[in-house]
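Numbering (UniProt numbering), first residue to last: 1 to 480.
Virtual Cβ for every residue (Gly too), placed ideally from N, Cα, C.
All remarks here apply to the structure that follows.
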Ligand SMILES: [Zn+2]
């Protein structure tokens, strides 16, 4: 990251500038964690060209504005911040929210109920559910997301979700999930949703060659992500790690989610989840694990030492009564921690700023009022997530960083009286939708609405597909 006072490159006619100015506060998340009153950001192409106080805007940008070579957006009453980074999701689950049979179960019972529906997913369902989930995230200030897709029934492919992300204009880390140990082999999922390990590895290689972009400001990266210890073999975990390192892509899975998960690990592998991860080569800066609610002290120390990341999913952990992840201890040990909304069937809302709020509140339930500040929650949700995904080009607003940002209007009723600290108000008060979102230099949300996507027809199709999916399993006699 370079300093905000670096002299700006004069804009060319070909690159129209975007100037955001008069933000109530600009939250930079830069190395000094500066918060700038009456802040401004200049966007040139996909990157931030300048960030600072509106009064200090360099004259070259003001000249560009006068000459009609810049668009300006006024952000009085708004907090402008780096776009939020979602490190764990299962977007297809937006079709199976609030399924009555899975409302009140813990993880294993919840999964067993839902596998039956998920086995009937189609490629169109993957596309429409991914776009819907991304619309929800974008409207909550999220600009980069990962999605962990681990079943591919009826001809579905990871390409379906990557193409959906591309249509939405969202920065995307597509995690190629997999399940290979079905019920007949002692795993949890039914046999019809598991794949052969040879097919999984071959498809992983194909996807990396087709879609993975290792470059700066990449909009698409591929991640290898066998689903969980109870649905894939040790061999697949090891071979995925070997392939990922050969190709330079990241690794992601679920780990240490609840007490049953720990018991499974002890019984099947005679190891804690952290020992299992280490044994398989699943630690390092290129690995992040979802949940880690039950990561023990030795596991926390191991993850801190090796730079192994964690996707914290507070709403899901509460929804499934999994427990309170030891986030404070992890951060003190140097573990990179990001935030994840988790799948839409275990967190039936996917509001990234709302998730940051729940992270702060849940930490306090477990460890007292000083356990997490509002600013720490915002840090985890932005630069923390960037680090977990292995990126140094997102998560902060400074020259040379990707132009990914969101603005929230604090002039509504839910923030009334909170002007003493607008930044903390983002987390303490009930969050609304993002008023503005910019991704890779493009305005994607304006006036609280998606710019490029007609939401009503998307939601209508999503509603129809969700009903089809549910009725096929739960009311087969009435399904068409
Ligand atoms: Zn998950």
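Which of helix, strand or coil DSSP assigns to residue 96: Taking the chain shown and counting its residues from 1, one reaches residue 96 at position 96. It is helical.
The region 374-393 contacting the region 423-434, beta-carbon criterion three pairs below 8 Å: Touching, yes, given that three or more Cβ pairs across the two stretches are closer than 8 Å.
Rounded straight-line distance, which links the Cα of residue 321 to that of residue 106: Residue 106 sits at position 106 when you count from the first residue of the chain shown. Residue 321 sits at position 321 when you count from the first residue of the chain shown. Between residue 106 and residue 321, the alpha-carbon positions lie close to 7 Å from each other.
Local Cβ density within 10 Å of residue 475, reported as buried at 16 or more and exposed below that: The count along the chain shown starts at 1 and reaches residue 475 at position 475. Sixteen is the threshold: since fewer than 16 other Cβ atoms of the shown chains lie within 10 Å of the Cβ of residue 475, the residue is exposed.
Whole-angstrom distance between residue 415 and residue 317, CA atom to CA atom: Counting from 1 along the chain shown, the entry for residue 317 is found at position 317. Counting from 1 along the chain shown, the entry for residue 415 is found at position 415. If you draw a straight line from the Cα of residue 317 to the Cα of residue 415, it comes to about 27 Å.
Per DSSP, the bridge partner or partners of residue 229: Counted from its first residue, the chain shown places residue 229 at position 229. Looking at the DSSP output, residue 229 bridges to nothing.
Proximity test, residue 312 beta-carbon vs ligand 1 heavy atom, cut-off 7 Å: The residue you call residue 312 lines up with position 312 of the chain shown. Answer for residue 312: no, Cβ out of range of ligand 1.
Cut-off 8 Å between Cβ atoms - residues of its own chain near residue 479, not counting five sequence neighbours on either side: Mapped onto the chain shown, residue 479 falls at position 479. Low per-residue confidence applies at residue 479: pLDDT is 46, beneath 50, and the placement is therefore not dependable enough to give any value.
Runs of alpha helix (DSSP H) wholly within the region 70-125 (minimum 4 residues, chain order): Within the region 70-125, the complete alpha helix (DSSP H) segments at least 4 residues long are 107-118, listed from N- to C-terminus.
Supposed close pair residue 494, residue 292 - CB separation, criterion 8 Å: The structure shown does not extend to residue 494, since the chain spans only 1 to 480, so no value can be given for it.
Terminal residues of the alpha helix (DSSP H) in which residue 240 lies: The residue you call residue 240 lines up with position 240 of the chain shown. That run of the alpha helix (DSSP H) goes 234-247.
CB of residue 388 within 8 Å of CB of residue 311, strictly: Sequence index remark: in the chain shown, residue 388 carries index 388 (1-based). Sequence index remark: in the chain shown, residue 311 carries index 311 (1-based). Residue 311 is positioned such that its CB atom lies closer than 8 Å to that of residue 388.
Nearest residue (CA-CA) to residue 464, options 47, 50, 110, 124: Here the question's residue 464 lines up with position 464 in the chain shown. Closest by alpha carbon: 124.
Residue 241 Cβ short of 7 Å to ligand 1 heavy atom set: Here residue 241 corresponds to residue number 241 of the chain shown, with the count starting at 1. Residue 241 has its CB no nearer than 7 Å to any heavy atom of ligand 1.
Test item: CB-CB of residue 461 and residue 99 under 8 Å: In the chain shown, counting from the first residue as 1, residue 461 sits at position 461. In the chain shown, counting from the first residue as 1, residue 99 sits at position 99. Residue 461 is not a Cβ neighbour of residue 99, given a cutoff of 8 Å.
Residue 351 Cβ short of 7 Å to ligand 3 heavy atom set: Looking at this structure, you won't find ligand 3 anywhere; what it does contain is ligand 1.
For residue 220 and residue 58, the rounded distance between their alpha carbons: Mapped onto the chain shown, residue 58 falls at position 58. Mapped onto the chain shown, residue 220 falls at position 220. Across the structure, residue 58 and residue 220 are spaced so that their CA atoms are roughly 33 Å apart.
Where residue 221 sits in the DSSP three-state scheme: Along the chain shown, read from residue 1 onward, the residue named residue 221 stands at position 221. In the three-state reduction of the DSSP assignment, residue 221 falls in the strand class.
Segments of 3+ residues assigned as beta strand (DSSP E) that fall wholly inside the region 110-195: 142-149, 171-178, all fully within the region 110-195.
Residue 3 versus residue 459 - alpha carbon distance: Working through the chain shown from its first residue, we reach residue 3 at position 3. Working through the chain shown from its first residue, we reach residue 459 at position 459. Residue placement at residue 3 is poorly supported in this model, since its pLDDT is 38, which falls under 50; the coordinates still yield a value, given next. For the pair residue 3 and residue 459, the Cα-to-Cα distance works out to about 43 Å.
Extent of the continuous alpha helix (DSSP H) run through residue 481: Outside the displayed range of the chain (1 to 480) lies residue 481, so it cannot be described from this structure.
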